[in-house]
Amino acid sequence: MVYALAAFLLLPVIGIGICAAGFVRRMPWYGRLAMATAAGALIVGVVMALMSLAGLDWSRTSLLPPLALITIAGVAAVRRFPPLAPPPAPARTPWEWAAVGGSIACWLVTLYGTVTARETCGDLPLTWGPKAIKFFRAGGIDAGVLHAYPQLTVDYPPLHTLLLAWSNALSHDFSWWAALLSSPLFFAATLALIRAWTGDDLTTLLAAATLTWTYTLAYPAGCAEPVLFLFEALAILALTFGDDARGQTIAVTLGAAGAAWTKLEGSTFVIAVLIVILVAQRSLRRAVVVAIPAAVLMAGWMAFVFANDLLYMYGGARLPIYPAVLPVVLETLVKVARFDLLWLPWIVPLALIVAGNVRRAAAPLLVSLLTTAAAVYFYLHYYDPVWWIESSSPRVILTPLLALLIGAGAAWRKPAV
Amino acid sequence: LTSSGPTSSARSDLARRLIVFAAALVFLAATVQRFRWLGGPYFTRPFTINDHVWPTHFLSTDALILSQRAASIFAPGDEVTVVAPELAPKYDQTHWLTALGVLTEQRVVAPKLHTGNTEDLPDYVIAVRTPLDHPSFRLLMTFPEGYLYGRTP
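Structure follows, in structure tokens:
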């Protein structure tokens, strides 16, 4: 398990090059670490996919040299552009120290829930894990594996599977516990990003506590959501708090590309982000720049899917829409969104947004609305959607919730957009 | 990275702090209560990654354990499936899919035990909890969580 877990811990090392970017250089250490984790995850995924494309089998021996070269280039870039001292901040108040302690406590509780197998995603042993193992044993992304086992959500974007296969490659034996433990690692990176971009301990505490609770009901450990939320949080935070145009574009681009390549919902998230850029920022150029890497990655994956006749989940777009089930979809979604606490996870950030400056929270609010609408649209494709909504939406609606939580911080801070 | 600090009054800042801390306490307390509801033991390493996901025991957890226990018996390339016989003939696919990630050297297949075609039958069947009653399979081993059957020649 140690090697398998080390594979995830190596991600920020592999992605260290992003720390040479100007906006990352000004971040506190934990922000740089989280940015490097996101960059490292995407780099590992892209390198593994390119190796498959080139017909090179995955192994420790074949994977480490290209990744080592990327790491060395990243280290050289960081040596040339070292971290800058963050802007002077006032000393933390006792409230803020309590918020820091509370955030850490929430993370530890999530870690406990994960290591005691209380938050395990049901799809890890059924699809994510077997697909990663089969890919690793086949030496790469293998259409034959997907044809042999069509139950393995065959056309799903590959990044999370690739990261699991990466941990398998480093340890040789697939470690289910390392796959689980990657969840609190990505959760920590997400919280670190929220703290780094907002500069606010209270926003971080609210996000930590809300996600800690909702994770217990959504069972994300070992599934793709913790990775997805890292990329989504990065994109929303950069959209909302980025005050350096170039840095904002780079960060949103990384977040969008990672999200699109992690889950099907990531694609609709990217569309939501592009709409926000076009509507709230009125920047066609930025929208195009942000869209290109995500589009290239998805086009590459979909080309593989179509070339090998593997269309499955994305084929849902061809299904008819049942407008008549809209009341059922909404009713079931509202029921799931209670999160067993009378909608408190939603009420608190919404109340803070209303009590603060709503206009400053416009970008995350819009992302939240659009991703909720996208979820409703997806579920309208099923004539009897109740089971589907009840089983998948506890995780799906965490994206709009995450956007709201970031919005709650934005409403009390001055964003750049 | 933020352009400025808070802009609201000290009183509303205090209200915000109180709301956030109160919410955080509620969420944490709810989480601890949920973990308690899921049941113990609380400080021992679980046997499988599914051990405490629900207060009641899942058959798929048994499928996971049985697959691990039986793994050493199979040769590479053997065809294996996992079923809960009580669900016959509508077997739950989560049981055999669970084995897919454990029996990595074998060919784990969907159960086709009642098609009448002997070519559909796998080399081995792992039966979760209840015995399998099938003329083409004989009992090889018994485990606390179920049984292992091999195809009769």
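Going line by line, the protein sequences match chains E and R. For my numbering, count along the first sequence from 1 and bump the result up by 12. For my numbering, count along the second sequence from 1 and bump the result up by 159. Using N, Cα and C, we set each Cβ at its ideal position, and we do this for glycine too.
Expected contact under 8 Å - CB spacing of residue i and residue j to nearest Å
i: Leu218 (chain E); j: Ala183 (chain R); result: 7 Å
i: Val285 (chain E); j: Val264 (chain E); result: 6 Å
i: Asp167 (chain E); j: Val317 (chain E); result: 5 Å
i: Ala418 (chain E); j: Pro376 (chain E); result: Note that residue 418 (chain E) corresponds to Ile in the displayed sequence, not to Ala. About 5 Å separates the two Cβ atoms, so the contact holds.
i: Ile208 (chain R); j: Trp119 (chain E); result: Between Trp119 (chain E) and Ile208 (chain R) the Cβ distance is about 20 Å, and since that is not below 8 Å, they are no contact.
i: Gly421 (chain E); j: Thr210 (chain E); result: 4 Å
i: Val288 (chain E); j: Leu251 (chain E); result: 6 Å
Cβ shell of residue i (< 7 Å), same chain only, five flanking positions each side left out
i: Pro205 (chain R); result: His211
i: Pro305 (chain E); result: Thr265, Ala269
i: Cys133 (chain E); result: Tyr231, Pro232, Ala233, Gly234, Cys235
i: Leu160 (chain R); result: For Leu160 (chain R), the predicted model reports a pLDDT of 44, less than 50, meaning its position is unreliable; a value from the coordinates is still stated below. Correct list: empty, nothing qualifies.
i: Arg297 (chain R); result: Tyr308, Gly309, Thr311
DSSP-derived helix/strand/coil call for residue i
i: Gly278 (chain E); result: helix
i: Val267 (chain R); result: strand
i: Thr252 (chain E); result: helix
i: Ala233 (chain E); result: strand
i: Thr161 (chain R); result: Any reading at Thr161 (chain R) must be qualified, since the residue scores a pLDDT of 45, below 50, and its modelled position is unreliable; the value itself is stated next. Coil.
i: Thr132 (chain E); result: strand
i: Ala428 (chain E); result: Any reading at Ala428 (chain E) is ruled out, since the residue's pLDDT is 40, under 50, leaving its predicted position unreliable.
i: Pro200 (chain R); result: coil
i: Met63 (chain E); result: helix
i: Met39 (chain E); result: coil
i: Ile153 (chain E); result: coil
i: Gly328 (chain E); result: helix
i: Met13 (chain E); result: coil
i: Ala269 (chain E); result: helix
i: Arg258 (chain E); result: helix
i: Ile28 (chain E); result: helix
i: Gly260 (chain R); result: coil
i: Lys146 (chain E); result: helix
i: Leu416 (chain E); result: helix
i: Pro335 (chain E); result: helix
i: Pro162 (chain E); result: coil
i: Ser168 (chain R); result: coil
i: Pro99 (chain E); result: coil
i: Leu322 (chain E); result: coil
i: Thr207 (chain R); result: coil
i: Gly52 (chain E); result: helix
i: Gly275 (chain R); result: coil
Extent of the continuous beta strand (DSSP E) to which residue i belongs
i: Ile285 (chain R); result: 283-287
i: Thr301 (chain R); result: 296-302
Range covered by the alpha helix (DSSP H) that runs through residue i
i: Arg310 (chain R); result: Where Arg310 (chain R) is concerned, there is no enclosing alpha helix (DSSP H), although the beta strand (DSSP E) it sits in stretches over 305-310.
i: Val239 (chain R); result: Taken as a continuous stretch (DSSP letters only), Val239 (chain R) belongs to no alpha helix (DSSP H), being part of the beta strand (DSSP E) at 238-242.
i: Cys118 (chain E); result: 106-127
i: Asn180 (chain E); result: 171-183
i: Asp221 (chain R); result: 218-229
i: Gly86 (chain E); result: 72-92
i: Ile365 (chain E); result: 356-367
i: Ile206 (chain E); result: 188-210
i: Tyr389 (chain E); result: 374-391
i: Arg298 (chain E); result: 296-319
i: Trp400 (chain E); result: 398-408
Sequence-distant residues of its chain with Cβ nearer than 6 Å to residue i (five each side left out)
i: Pro95 (chain E); result: Arg37
i: Ser162 (chain R); result: Since pLDDT at Ser162 (chain R) reaches only 46, below the 50 mark, its modelled position is unreliable, and no value is offered.
i: Leu331 (chain E); result: His393
i: Leu75 (chain E); result: Ala181
i: Ala51 (chain E); result: Gly27, Ile30
i: Lys146 (chain E); result: Val157
i: Ala415 (chain E); result: Ile248, Pro376, Val379, Ser380
Selected residue, minimal CA-CA separation from residue i, among the options
i: Ile30 (chain E); options: E:Leu171, E:Leu203, E:Leu45; result: E:Leu45
i: Val340 (chain E); options: E:Arg92, E:Met310, E:Asp396, E:Arg207; result: E:Asp396
i: Leu291 (chain R); options: R:Thr240, R:Glu264, R:Glu278; result: R:Thr240
i: Gly278 (chain E); options: E:Pro99, E:Phe243, E:Arg372, E:Gly419; result: E:Phe243
i: Ala150 (chain E); options: E:Ala117, E:Gln163, E:His184, E:Leu136; result: E:His184
i: Thr344 (chain E); options: E:Ala307, E:Pro406, E:Arg91; result: E:Pro406
i: Arg258 (chain E); options: E:Gly114, E:Val302, E:Thr224, E:Leu414; result: E:Val302
i: Leu381 (chain E); options: E:Trp399, E:Pro412, E:Arg425, E:Pro357; result: E:Pro412
i: Ala311 (chain E); options: E:Pro40, E:Thr105, E:Val366, E:Ala61; result: E:Ala61
i: Arg266 (chain R); options: R:Tyr283, R:Thr289, R:Tyr250, R:Asp237; result: R:Asp237
Chain B contact residues for residue i, given Cβ-Cβ distances below 8 Å
i: Val212 (chain R); result: The structure shown has no chain B; the protein chains it does contain are E and R.
Spatial neighbours of residue i in its chain, beta-carbon cut-off 8 Å, leaving aside the 5 residues before and after
i: Pro142 (chain E); result: Tyr161, Leu164
i: Trp444 (chain E); result: Residue 444 (chain E) lies beyond the stretch modelled for chain E, which goes from 13 to 429, so this question has no answer here.
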